[in-house]
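Counted from 1, the sequence shown has number 432 at position 432 by full-length UniProt numbering; the numbering is strictly sequential.
Virtual Cβ for every residue (Gly too), placed ideally from N, Cα, C.
Only a predicted model underlies this, so the values are computations on that prediction, with no experimental measurement involved.
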Amino acid sequence: MYTSLLNVKQAINIEQKLIDYLGTYIDHELERLDDVKANPLVAFTLIKRLHSEWLNVVYSDEALENTQLRSGYEEEEADLPKVEDLQGAAKGLMRLQDVYALHVGGLVRGRFQRVADGKPTDIYLPTVSVPLSGDDCFLVGKVAYEQEDYYHSVQWLEESVRLFRGTGSKWIPENEGTLQDALDHLAFSHFKTGNVSNALSLSQELLHYPLNGRVLQNVAKYEKLLVSSPPKSLSSNGPRRPTSNYLRTRDTYERLCQTQGSQPVHFENPRLVCDYFTNGHPGLLLLPARREVLSLQPYVVLYHNFITDGEAEEIKGLAQPALRRSVVASGEKQATAEYRISKAWLKGSAQSTVGKLDQKISMLTGLNVKHPHGEYLQVVNYGIAGHYEPHFDHASSPVFRLKTGNRVATFMIYLSSVEAGGSTAFIHANFSVTKAAIFWWNLRRNGQGDEDTLHAGCPVLIGDKWANKWIHEYGQEFQHRCSLNPEE
1 MYTSLLNVKQ
11 AINIEQKLID
21 YLGTYIDHEL
31 ERLDDVKANP
41 LVAFTLIKRL
51 HSEWLNVVYS
61 DEALENTQLR
71 SGYEEEEADL
81 PKVEDLQGAA
91 KGLMRLQDVY
101 ALHVGGLVRG
111 RFQRVADGKP
121 TDIYLPTVSV
131 PLSGDDCFLV
141 GKVAYEQEDY
151 YHSVQWLEES
161 VRLFRGTGSK
171 WIPENEGTLQ
181 DALDHLAFSH
191 FKTGNVSNAL
201 SLSQELLHYP
211 LNGRVLQNVA
221 KYEKLLVSSP
231 PKSLSSNGPR
241 RPTSNYLRTR
251 DTYERLCQTQ
261 GSQPVHFENP
271 RLVCDYFTNG
281 HPGLLLLPAR
291 REVLSLQPYV
301 VLYHNFITDG
311 EAEEIKGLAQ
321 PALRRSVVAS
331 GEKQATAEYR
341 ISKAWLKGSA
351 QSTVGKLDQK
361 ISMLTGLNVK
371 HPHGEYLQVV
381 NYGIAGHYEP
391 HFDHASSPVF
401 RLKTGNRVAT
411 FMIYLSSVEA
421 GGSTAFIHAN
431 FSVTKAAIFW
441 WNLRRNGQGD
451 EDTLHAGCPV
461 LIGDKWANKW
471 IHEYGQEFQH
481 RCSLNPEE
């Protein structure tokens, strides 16, 4: 090639082609990353990497002389995830595991699977599978262990031990745990769940590591327990899930999240209809709404294609800078919620996208949605396994009611397609929905709260934002009249 300039020119053309190929590859990777970003396994491993793995590498002996790496890390440290973020991400994975009955072994392989008839079945197949490491599993198990949640710690620590053994117990700088740590935590978790035999076996394995007086004491204790009591009498029916404030509704809630509920059968009730709806408003005559009446008690309606993709993206863009971690009432004060949700409230002029959505909601419902009769549009961004526990939108106590009265109705909009999970489950009505815009009455016509509107936000597997518009009693006197029947 060096003997001819023509050959050199050909080489330049080849290099240009290679650069083009690289550009195409980068474009494809960016598309793939868009698909990956909402994956909770990707989010968890990213948070862990930024919180602890980089920290362990930067301050390891191997990086001791790399002052540039350390100074660069310290400049960015304030913006990195905190311990709370990492623990919350681990709790989120366990919540997904519970609500969707996910198989831990599948999650470890980067798959969202449920075991049915002894066989794992994919309930969602991500674009890219992100497997977890032994150290990833150890962290999740350790978070459960520290909460004395041995039901989860056993499952995750068993996977951690298996994966650590598969790597030959080789330690790498970014790891926070070791096989010895996983064995230690797993042995005590088995003991706390009544499985003394497994606790003893694992503790005996720990004796091969540098001598630990506590492990020796545990071995002696477990051996004594097994001699004095048969193993069967010590074990229960297996580890039990931690208790919940919502035990009475948990089974129904999880079933609705998993199966999308028991939807109303339209042909059995002629009043459950799909139609083009104008509500008698001239603004809807040329382009009526696509309405689907899902339930009569409570009254719940679905509006398809309520918002365009462009409008949804604009709403999300406006909300992005204002998103704040959710808070809940805690006595007279407020505390951050465990829901893994952030919220923003958007005001809008009549000409803005927010204002136009308000106008459309008003046309469809016939209600006065302008502030203060309607609350500002709330945009909700769900974090890892972000969810809402079963609740009512109306206030049950006058203490929490605003000067504009109670929340008479809710209009909820899905701003993006939730690919998996994230349905709204109506517990007592026994159905759930995952798309479009949903409208329901929170109060009966006599002003009393409708107990049938108990609903919950299922954890999001893949997806992100919703928007809520709450409409209050005052200002609706002529739009939503009381009934002559005081019981209605």
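Does DSSP put residue i in a helix, in a strand, or in coil?
i	result
isoleucine 471	strand
isoleucine 307	coil
glutamate 389	strand
lysine 435	coil
alanine 199	helix
cysteine 458	coil
glutamine 479	coil
arginine 445	coil
lysine 17	helix
serine 342	strand
leucine 302	strand
alanine 43	helix
alanine 429	coil
threonine 424	strand
How many whole angstroms separate the CB atoms of residue i and residue j, which I take to be in contact at a CB cut-off of 8 Å?
i	j	result
asparagine 406	leucine 443	6 Å
tyrosine 151	proline 239	4 Å
phenylalanine 439	alanine 467	About 13 Å separates the two Cβ atoms, so there is no contact after all.
glycine 366	asparagine 279	6 Å
leucine 294	valine 433	7 Å
alanine 89	phenylalanine 44	5 Å
leucine 86	leucine 41	Contact flag wrong, Cβ pair sits at about 14 Å.
valine 369	lysine 343	Actually they are not in contact, since the Cβ atoms of valine 369 and lysine 343 sit about 19 Å apart, beyond 8 Å.
isoleucine 427	histidine 455	7 Å
proline 288	phenylalanine 306	Their Cβ separation, rounded to whole angstroms, is 12 Å, which puts proline 288 and phenylalanine 306 out of contact at 8 Å.
arginine 241	aspartate 98	7 Å
serine 189	leucine 157	6 Å
Start and end of the beta strand (DSSP E) containing residue i?
i	result
aspartate 122	119-124
glycine 92	Per DSSP, glycine 92 belongs to no beta strand (DSSP E); it is in the alpha helix (DSSP H), 83-99.
asparagine 381	377-382
isoleucine 413	407-414
serine 295	289-296
tyrosine 276	274-277
threonine 243	It is not in any beta strand (DSSP E) - threonine 243 carries neither H nor E in the DSSP assignment.
Ends of the alpha helix (DSSP H) at residue i?
i	result
tyrosine 151	150-166
serine 362	353-365
valine 115	Segment 112-116 is the beta strand (DSSP E) holding valine 115; no alpha helix (DSSP H) there.
lysine 224	213-228
arginine 248	247-259
glutamine 320	Note, glutamine 320: premise wrong, no alpha helix (DSSP H); not H, not E.
glycine 106	104-108
Hey, how far is the Cα of residue i from the Cα of residue j?
i	j	result
proline 81	lysine 48	8 Å
leucine 179	alanine 187	12 Å
leucine 302	tyrosine 21	46 Å
aspartate 393	asparagine 195	44 Å
phenylalanine 191	valine 143	17 Å
arginine 271	leucine 296	8 Å
serine 71	glutamate 176	22 Å
serine 197	alanine 101	27 Å
glutamate 451	arginine 445	13 Å
tryptophan 441	lysine 469	12 Å
leucine 465	aspartate 251	In the sequence as presented, leucine is not what sits at residue 465; that position holds lysine. The straight-line gap from Cα to Cα measures roughly 26 Å.
histidine 391	arginine 214	46 Å
leucine 364	valine 300	13 Å
tryptophan 54	glutamate 174	7 Å
histidine 373	glutamine 476	8 Å
asparagine 56	leucine 226	41 Å
glutamate 223	leucine 202	12 Å
leucine 256	proline 126	22 Å
proline 120	histidine 103	8 Å
aspartate 309	phenylalanine 411	18 Å
tyrosine 59	isoleucine 172	13 Å
lysine 435	glutamine 351	26 Å
tyrosine 73	histidine 304	48 Å
valine 140	threonine 243	19 Å
threonine 353	serine 417	19 Å
glutamine 258	valine 219	42 Å
isoleucine 26	histidine 51	27 Å
tyrosine 339	glutamine 320	Caution applies to tyrosine 339, whose pLDDT of 48 falls short of 50 and renders its modelled position unreliable; the value that the coordinates give is listed next. So the two alpha carbons sit approximately 18 Å from each other.
leucine 284	asparagine 13	59 Å
glutamine 448	serine 229	58 Å
Cβ of residue i within 7 Å of any heavy atom in the ligand NAP?
i	result
alanine 456	Among the components modelled here there is no ligand, and therefore nothing to report on the ligand NAP.
For the structure I just gave you, are there three or more beta carbon pairs, one from the segment 422-435 and one from the segment 459-475, closer than 8 Å? Contact between the segment 422-435 and the segment 459-475 is present, because at least three Cβ pairs lie under 8 Å.
Determine, using beta-carbon pairs with one atom in the segment 119-135 and one in the segment 148-165, whether at least three such pairs fall under 8 Å. yes
Does the count of Cβ pairs from the segment 110-125 and the segment 143-159 closer than 8 Å reach three? no
Are the segment 206-213 and the segment 179-190 touching by the rule of at least three beta carbon pairs closer than 8 Å? Judged by Cβ distances under 8 Å, the segment 206-213 makes contact with the segment 179-190, as three or more pairs qualify.
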